[in-house]
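Student:
Number of protein chains: 2
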Amino acid sequence: MDAPETRELAYFVAVAEELHFGRAAERLGMAQPPLSRAIQRLERRMGVALLERTSRAVSLTPAGAVFLAESRKALDAVAAAVRRAQRSGRESPRLLVVMKPEGDAGLLGRILPAYRLDPDAVEVEVVVCGIGEQSAMLRDGRADLAFLHGPWDDVSGFDVEPLLTEDQVAVLPRGHRLADRAALVLSDLDGEQLPRWPGVDVAGASGPLVRDASQLMQLIALSQVVAVLPETMRRNARADVVCVPVLDAPSSSILVAWPERTRSRAVAAFVRACTEVAHGGRAVENAGR
Amino acid sequence: MDAPETRELAYFVAVAEELHFGRAAERLGMAQPPLSRAIQRLERRMGVALLERTSRAVSLTPAGAVFLAESRKALDAVAAAVRRAQRSGRESPRLLVVMKPEGDAGLLGRILPAYRLDPDAVEVEVVVCGIGEQSAMLRDGRADLAFLHGPWDDVSGFDVEPLLTEDQVAVLPRGHRLADRAALVLSDLDGEQLPRWPGVDVAGASGPLVRDASQLMQLIALSQVVAVLPETMRRNARADVVCVPVLDAPSSSILVAWPERTRSRAVAAFVRACTEVAHGGRAVENAGR
DNA sequence: CCCGATCGATACCCTGGCGGTATGGACGCA
DNA sequence: TGCGTCCATACCGCCAGGGTATCGATCGGG
Numbered sequence: 001m002d003a004p005e006t007r008e009l010a011y012f013v014a015v016a017e018e019l020h021f022g023r024a025a026e027r028l029g030m031a032q033p034p035l036s037r038a039i040q041r042l043e044r045r046m047g048v049a050l051l052e053r054t055s056r057a058v059s060l061t062p063a064g065a066v067f068l069a070e071s072r073k074a075l076d077a078v079a080a081a082v083r084r085a086q087r088s089g090r091e092s093p094r095l096l097v098v099m100k101p102e103g104d105a106g107l108l109g110r111i112l113p114a115y116r117l118d119p120d121a122v123e124v125e126v127v128v129c130g131i132g133e134q135s136a137m138l139r140d141g142r143a144d145l146a147f148l149h150g151p152w153d154d155v156s157g158f159d160v161e162p163l164l165t166e167d168q169v170a171v172l173p174r175g176h177r178l179a180d181r182a183a184l185v186l187s188d189l190d191g192e193q194l195p196r197w198p199g200v201d202v203a204g205a206s207g208p209l210v211r212d213a214s215q216l217m218q219l220i221a222l223s224q225v226v227a228v229l230p231e232t233m234r235r236n237a238r239a240d241v242v243c244v245p246v247l248d249a250p251s252s253s254i255l256v257a258w259p260e261r262t263r264s265r266a267v268a269a270f271v272r273a274c275t276e277v278a279h280g281g282r283a284v285e286n287a288g289r
Numbered sequence: 001m002d003a004p005e006t007r008e009l010a011y012f013v014a015v016a017e018e019l020h021f022g023r024a025a026e027r028l029g030m031a032q033p034p035l036s037r038a039i040q041r042l043e044r045r046m047g048v049a050l051l052e053r054t055s056r057a058v059s060l061t062p063a064g065a066v067f068l069a070e071s072r073k074a075l076d077a078v079a080a081a082v083r084r085a086q087r088s089g090r091e092s093p094r095l096l097v098v099m100k101p102e103g104d105a106g107l108l109g110r111i112l113p114a115y116r117l118d119p120d121a122v123e124v125e126v127v128v129c130g131i132g133e134q135s136a137m138l139r140d141g142r143a144d145l146a147f148l149h150g151p152w153d154d155v156s157g158f159d160v161e162p163l164l165t166e167d168q169v170a171v172l173p174r175g176h177r178l179a180d181r182a183a184l185v186l187s188d189l190d191g192e193q194l195p196r197w198p199g200v201d202v203a204g205a206s207g208p209l210v211r212d213a214s215q216l217m218q219l220i221a222l223s224q225v226v227a228v229l230p231e232t233m234r235r236n237a238r239a240d241v242v243c244v245p246v247l248d249a250p251s252s253s254i255l256v257a258w259p260e261r262t263r264s265r266a267v268a269a270f271v272r273a274c275t276e277v278a279h280g281g282r283a284v285e286n287a288g289r
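Protein chains in written order, with the UniProt record's numbering: chain A, 1 to 289; chain B, 1 to 289.
1. Let me know if B:A287 comes out buried or exposed under the rule of 16 or more other beta-carbons within 10 Å of its beta-carbon.
2. Rounded to the nearest angstrom, what separates A:E8 and B:A63 at their Cα positions?
3. Using 8 Å for Cβ pairs, my map puts A:E125 next to A:L96. What's the rounded Cβ distance?
4. Alpha carbon to alpha carbon, how far is B:R37 from B:V58?
5. Mind checking the UniProt domain "HTH lysR-type" (4 to 61) of chain B against chain A and listing, in chain order, the residues whose C-beta falls within less than 8 Å of any C-beta there?
6. Under 9 Å, CB to CB, which of the residues in the region 129 to 143 of chain B have a partner in chain A?
7. Kindly indicate which residue of B:L194, B:M217, B:Q218 and B:A213 has the alpha-carbon position closest to the one of B:G207.
8. Roughly how many whole angstroms lie between the Cα atoms of A:E192 and B:L42?
9. Does any C-beta atom of chain A lie closer than 7 Å to the C-beta of B:S252?
10. Which one of A:G29, A:D2, A:I39 and A:R27 has the shortest CA to CA distance from B:L28?
11. Could you name the residues of the same chain whose beta carbon sits closer than 6 Å to that of A:R289, not counting the 5 residues immediately before and after it, in chain order?
12. Just confirm the distance between the C-beta atoms of B:V66 and B:M99, as a whole number of angstroms; I'd bet it's less than 8 Å.
13. Say whether chain A places a C-beta atom closer than 7 Å to the C-beta of B:K73.
14. Would you please verify whether the beta carbon of B:A287 is less than 7 Å from any beta carbon of chain A?
15. How long is the line joining the alpha carbons of B:L164 and B:D104, rounded to whole angstroms?
16. Along the region 83 to 115 of chain B, what residues have a CB closer than 7 Å to any CB found in chain A?
17. Could you name the residues of the same chain whose beta carbon sits closer than 8 Å to that of A:V241, not counting the 5 residues immediately before and after it, in chain order?
18. So, helix, strand or coil for B:L50, using DSSP?
19. Taking the beta carbon of B:Q168 as the centre, do at least 16 other beta carbons fall within 10 Å, making it buried, or is it exposed?
20. Which same chain residues, not among the five before or five after residue 323 of chain A, have their C-beta less than 7 Å away from its C-beta?
21. Would you say B:Q86 and A:V48 are within 7 Å of each other, going by their C-beta atoms?
22. Could you check what DSSP says for A:V58 in three-state terms: helix, strand or coil?
23. Does the beta-carbon of A:R235 have 16 or more other beta-carbons within 10 angstroms, so that it is buried, or is it exposed?
24. Look up A:E258 in the DSSP assignment and give the residues it is bridged to.
25. With a threshold of 16 other CB atoms inside 10 Å of the CB of A:A182, please say whether the residue is buried or exposed.
26. Is the beta carbon of B:L145 sitting closer than 7 Å to the one on B:W258?
27. Label B:A239 either buried or exposed according to how many other C-beta atoms from any shown protein chain fall within 10 Å of its C-beta, with 16 as the threshold for buried.
28. So, for A:V284: in the same chain, excluding its five sequence neighbours on each side, which residues have a beta-carbon less than 6 Å away from its beta-carbon?
29. Would you report the Cα separation of B:E5 and A:A81, rounded to the nearest angstrom?
30. Using a Cβ cut-off of 7 Å (strictly closer), state whether B:A269 contacts chain A.
31. Which class does A:R142 belong to by DSSP, given the choice of helix, strand or coil?
32. Just the chain A side, please: which residues come within less than 7 Å of B:E70 by C-beta, in chain order?
33. Run the CB neighbour count on B:E70, radius 10 Å, all protein chains shown included, and call it buried at 16 or more, exposed below.
34. Given a cut-off of 7 Å on the beta-carbon distance, is the pair A:A74 and B:A77 in contact?
35. So which residues on chain A does B:A257 lean against when the C-beta distance must stay under 8 Å?
36. Kindly list the residues whose CB is nearer than 6 Å to the CB of A:E231, restricted to its own chain and excluding five residues on each side of it in sequence; keep chain order.
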């Protein structure tokens with residue numbers, strides 16, 4: 001079959017997300033009937049039913065679920081194509097690096113000067129975005145590089161270079177039953193409320209949704225939740241919380257990530273600077289491929 | 001800006017590849033003027049010049065080169081979205097595994113029975129394609145899994161699991177000046193003709209283009225080329241060629257690859273079967289994510 | 001030096017795809 | 001059974017996008 005137009009993919013994604021033709025049409029700024037027809041056309045040409053509709057409800061078929069995920073990827077790729085071309089075409093080249101607050105564990109302050117020494121260096125703009133937004137920004141071409149946090153962030157579609165791994169600590173309110181322990185294991189935390197982060201779906205975790213570290217610290221201080229965080233988060237710790245090492249928590253890592261198959265010398269140089277700083281000056285030859 | 005339609009991306013790719021509006025239009029089955037206008041519109045909306053045209057020649061701007069690469073990725077993603085949805089929607093589920101001739105080093109014969117024991121197993125179809133075609137088939141959704149050959153195949157965009165690594169041997173015609181050596185190093189081969197493979201651009205290598213192993217063996221026997229190949233290729237060796245270990249050649253590896261973020265249980269089970277067979281029965285818990 | 005060939009851009013026309021409005025029909029609920 | 005909801009169908013009108021004819025620039029050959 002002939003490939004669907006990006007418009008059709010966007011229509012389908014809207015309907016699949018809303019599971020409601022009326023609302024989807026509204027979101028797309030159009031009327032409902034043409035939207036219904038567009039989806040019908042799409043299904044007919046693909047030869048697959050994507051949606052199950054009764055006059056009361058719309059649901060995804062298995063093929064529809066696959067197509068939703070794939071369509072999102074495809075739309076990201078289209079958006080990325082435009083953004084990357086625009087960025088490489090316009091004005092002076094610059095690198096856009098995106099991170100979440102505290103997402104660099106203090107490395108960036110040493111990376112930037114190291115990077116500027118590289119002959120391939122260009123101007124760097126650092127954007128601090130909301131938690132979970134970085135990978136989307138990298139995926140759709142708004143950013144050139146991102147500091148991600150393994151194992152939470154989804155690194156698929158990116159090349160990554162690990163910068164440092166750190167153990168995790170439990171952050172507890174002062175006076176918590178475990179606050180005086182020298183160390184603990186994950187099972188000690190059974191039954192505690194753990195926070196949920198936007199963009200991260202952990203099965204079971206149903207504690208309060210937190211948006212940033214200070215919000216989280218506030219909730220911890222109020223004994224609403226406890227959290228298990230990378231060690232460097234200690235620097236955000238307020239006076240009224242305590243940190244206790246968690247011996248069996250998976251170690252967390254900070255990665256620098258960039259789009260796969262990137263050929264940019266500026267990106268390669270930045271990655272080089274990252275690994276040099278992170279690994280104590282040992283040159284890593286094949287960084288940046 | 002509003003996203004370009006896939007049709008526009010296809011137009012641009014055609015022009016960028018042909019570097020000639022007339023030929024590109026012909027390839028697309030349309031007249032030249034609407035194609036010129038479509039590209040102009042695209043450039044105007046993107047706000048970037050993609051092509052440099054004089055009335056005699058067309059060339060890519062740097063932004064155009066970036067956009068060409070990104071557009072190909074995006075078109076692949078769109079095609080993959082359709083194919084994967086179709087496959088998961090139609091008929092009985094089946095897994096399509098793609099490999100090049102001899103690309104499994106004999107593993108597949110043991111993997112398939114192991115896979116069938118898995119409760120998540122579905123029917124498997126194995127397609128043997130031309131060299132260098134596998135990653136394209138995996139990328140655009142025609143295949144579910146592929147056996148790739150590191151470090152030659154481009155694995156970006158895929159999740160991979162290495163199955164086995166092997167040392168490389170030089171394949172020489174009987175009577176070659178190095179044929180009697182017990183082992184050699186790469187620099188011993190300086191000045192020899194090395195074959196080129198379709199889809200693999202190695203800087204410098206400018207020997208004859210070979211399409212498959214038997215063709216290559218033929219050329220070796222005729223003293224047209226020598227080749228450095230993974231050890232398992234010995235089994236293709238004809239009587240009139242000899243194999244000599246190359247001590248410092250990078251070791252080659254066979255990987256099983258599948259599209260990132262795949263959630264299919266059937267794919268996960270297949271990968272599980274692969275790792276079990278390859279690693280001698282040691283279960284690998286997180287295979288298939 | 002001019003003429004013809006080449007090739008992309010422009011001018012103009014026309015069709016069909018796509019979006020809009022009005023309405024139908026199925027289903028759930030009170 | 002009447003009403004509200006929600007997707008599908010019918011029908012209409014516009015313009016985006018494709019076609020043809022032609023222009024203008026540039027290069028090469030006689």
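Don't be surprised by glycine CBs; every beta carbon is placed ideally from N, CA and C.
Tutor: With the structure as the only source:
1. Summary for B:A287: the model assigns pLDDT 40, below 50, so the residue's position carries little reliability; its value from the coordinates is reported in the next sentence. A buried status is given to B:A287, since no fewer than 16 other beta-carbon atoms sit within 10 Å of its beta-carbon.
2. Taking the straight line from one Cα to the other gives about 27 Å.
3. The C-beta distance from A:E125 to A:L96 rounds to 5 Å, short enough to meet the 8 Å contact threshold.
4. If I take the Cα positions, the gap works out to 15 Å.
5. The residues in question are P4, E5, T6, R7, L9, A10, M46, G47, V48, A49, L50 and T61.
6. Against chain A - using a Cβ distance shorter than 9 Å - the residues of the region 129 to 143 of chain B are G141.
7. The shortest C-alpha separation from B:G207 is found at B:L194.
8. Taking the straight line from one Cα to the other gives about 55 Å.
9. Not one chain A Cβ lies under 7 Å of B:S252.
10. Among A:G29, A:D2, A:I39 and A:R27, the Cα nearest to that of B:L28 is on A:D2.
11. Since pLDDT at A:R289 reaches only 37, below the 50 mark, its modelled position is unreliable, and the value read off the structure follows with that caveat. Once the five neighbours on either side are set aside, A:R289 has no close Cβ partner at all.
12. 32 Å between Cβ atoms; not a contact.
13. Interface flag for B:K73 against chain A is set, since a Cβ pair is found closer than 7 Å.
14. Interpretation of B:A287 is limited by its pLDDT of 40, a score under 50 that renders its predicted location unreliable; the figure taken from the coordinates is listed afterwards. By this cut-off, B:A287 is not an interface position.
15. Per the coordinates, the alpha-carbon of B:L164 lies some 10 Å from the alpha-carbon of B:D104.
16. Residues passing the 7 Å Cβ filter: R84, A85, Q86, S88, G89 and R90.
17. Closer than 8 Å at the Cβ level, and outside the excluded window around A:V241, lie V171, L172, P173, R174, M217, I220 and A221.
18. Judged by DSSP in its simplified three-state form, B:L50 adopts coil rather than helix or strand.
19. Its Cβ being crowded by 16 or more others within 10 Å, B:Q168 is buried.
20. There is no way to answer for residue 323 of chain A, as the model of chain A reaches only from 1 to 289.
21. A contact, by the Cβ cut-off of 7 Å.
22. Here A:V58 sits in strand by DSSP.
23. Label assigned to A:R235: exposed.
24. In the sequence as presented, Glu is not what sits at residue 258 of chain A; that position holds Trp. Bridge partners of A:W258: A:D159.
25. Per the 10 Å Cβ criterion, exposed.
26. Yes. Within cutoff.
27. Answer is exposed; the Cβ neighbour count stays below 16.
28. In this predicted model, A:V284 has a pLDDT of only 44, less than 50, meaning its place in the structure is not dependable; the value taken from the coordinates is given anyway. Once the five neighbours on either side are set aside, the close Cβ partners of A:V284 are T275.
29. B:E5 and A:A81 have their C-alpha atoms spaced approximately 12 Å apart.
30. With 7 Å as the cut-off, B:A269 does not count as an interface residue toward chain A.
31. In this structure, DSSP gives A:R142 a state outside helix and strand, which the three-state scheme calls coil.
32. Residues of chain A whose Cβ lies closer than 7 Å to the Cβ of B:E70 are, in chain order, A80, A81, R84 and A85.
33. With at least 16 other beta carbons inside 10 angstroms of its own, B:E70 counts as buried.
34. The Cβ atoms of A:A74 and B:A77 sit closer than 7 Å to each other.
35. Correct list: empty, because the minimum Cβ distance to chain A is about 13 Å.
36. Counting only Cβ-Cβ distances below 6 Å, and skipping sequence neighbours, we find E166, D167 and V169.
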